[in-house]
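Each residue of the sequence shown is one higher than the one before, counting from 34 in the working numbering.
Glycine included, every Cβ here is placed at the ideal spot set by N, Cα and C.
Below: one structure, written as structure tokens.
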Amino acid sequence: MTSTILRRLAVLCVGICLATAAGAAPKVKRTQKLEKDAGAPFGHVLVVALFSEYGARRTLEKRIVSLLEERGTKAVASTSMMDTKTPMTPTIYIDMVDRTGVDALLVTEFIGGDSDVKAVDANPETTVNVRPTYYFNVWNVEVTEYVEPQFVTAQVEVHLATQMLSVAKEGPVWAIESKLKFKQDISQPRPYAAYDQESESIVKYLVRDRVIAKK
34 MTSTILRRLA VLCVGICLAT AAGAAPKVKR TQKLEKDAGA PFGHVLVVAL FSEYGARRTL
94 EKRIVSLLEE RGTKAVASTS MMDTKTPMTP TIYIDMVDRT GVDALLVTEF IGGDSDVKAV
154 DANPETTVNV RPTYYFNVWN VEVTEYVEPQ FVTAQVEVHL ATQMLSVAKE GPVWAIESKL
214 KFKQDISQPR PYAAYDQESE SIVKYLVRDR VIAKK
């Protein structure tokens, strides 16, 4: 692995952060068309997600690896060779490339976003009980109102950038950016639907642009 790839990974590893959630399918635009001499379609790919939280990285990488392998492309997740204590440094990923012998790296990073968080009342209900009394045309009315605790929702837009880096050409040969808008109850567990949407979108464009082989 050359110093060019090392420098590129060093840039990507700066300012790592995370934002994900469930919502509509991402809007995608190509920021770099596949070069004719890129060596594509690639048959063995190291999948790297540059998020700060290990669980988020592992989830997205596993989804992408699964989709790539369904299409006949051999793939390995970087998180399968590291744990929560492994530093996210360029040399770590360089070592993974050397160990696995991949011909390309698929790198996804968070590049920006916006959010609007607010509290919302959940499912208010009113129960009315009416009972007769001993007096003519007089009724006993009991009204009970139940309001569930508030939950917090987030309206968020997330921007991700994904690049395919060729080991042979020592740099990026294809790239896309995606925007995902969603509404999420932030008290709930990690929104796995968002990972499905992102991974499916990324792999769809990899196939469409012939960066990987069509099955």
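Check	Outcome
Three-state secondary structure (DSSP) at Glu-102?	helix
For Pro-205, verify whether its CB is less than 7 Å away from any heavy atom of the ligand NAP.	With respect to the ligand NAP, the structure offers nothing, as it holds no ligand at all.
Measuring alpha carbon to alpha carbon, tell me which of Lys-248, Asp-136, Val-244 and Glu-231 ends up nearest Thr-89.	Just to set this straight, residue 89 is Ala in the shown sequence, not Thr. Comparing Cα positions, the closest option is Glu-231.
Can the beta-carbon of Ser-234 be found less than 8 Å from the beta-carbon of Val-61?	yes
Helix, strand or coil for Ala-201, going by three-state DSSP, please let me know.	coil
Measuring straight from C-alpha to C-alpha, what distance separates Phe-84 and Thr-92?	11 Å
At what residues does the beta strand (DSSP E) containing Val-130 begin and finish?	Here Val-130 belongs to no beta strand (DSSP E); instead the alpha helix (DSSP H) covers 123-133.
Looking at the structure shown, is Glu-210 part of a helix, part of a strand, or coil, going by DSSP?	strand
Going by DSSP, which residues form a beta bridge with Gly-145?	His-192
Would you please state the rounded distance, in angstroms, between the beta carbons of Asp-116 and His-77? I believe it to be under 8 Å.	At roughly 23 Å, the Cβ-Cβ gap does not stay under 8 Å, so Asp-116 and His-77 are not in contact.
Under the rule that 16 or more other beta-carbon atoms within 10 Å means buried, what is Ser-111, buried or exposed?	buried
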